[in-house]
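Student:
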Amino acid sequence: PRGALSLLLLLLAPPSRPAAGCPAPCSCAGTLVDCGRRGLTWASLPTAFPVDTTELVLTGNNLTA
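Reading the sequence shown from the start, the letters are residues -21 to -1, 1 to 44 in mature numbering (1 follows the signal peptide of the UniProt record, and there is no 0).
1) In three-state DSSP terms, what is Ala(-2)?
2) Buried or exposed: where does Val12 fall if 16 or more other Cβ atoms within 10 Å of its Cβ makes it buried?
3) Between Ala3 and Arg16, what straight-line distance do the alpha-carbon atoms span, to the nearest angstrom?
4) Could you give the distance in angstroms between the alpha-carbon of Ala(-2) and the alpha-carbon of Thr32?
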């Protein structure tokens, strides 16, 4: 039956992840994500960024190795 095939294909498809938008408190312009000078720490650093990000600015935060 057609419905069974559709259900099977749906179950076998890899899970899709929603595209990440510009994370707070950063600002985004095109493929640039600017999270600089936001007082971020490793604990508050966003974990998801837009998939087309080519430049990520993290300067001026509290990120230490």
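We put the CB at the ideal spot given by N, CA and C, even for glycine.
Tutor: The answer reads as follows:
1) In the structure shown, Ala(-2) sits in coil (DSSP, three-state: anything other than H, G, I, E or B).
2) Counting C-beta atoms within 10 angstroms of its own C-beta, Val12 has 16 or more neighbours from the protein chains shown and is therefore classed as buried.
3) Using only the alpha carbons, I get a separation of about 13 Å.
4) If I take the Cα positions, the gap works out to 10 Å.
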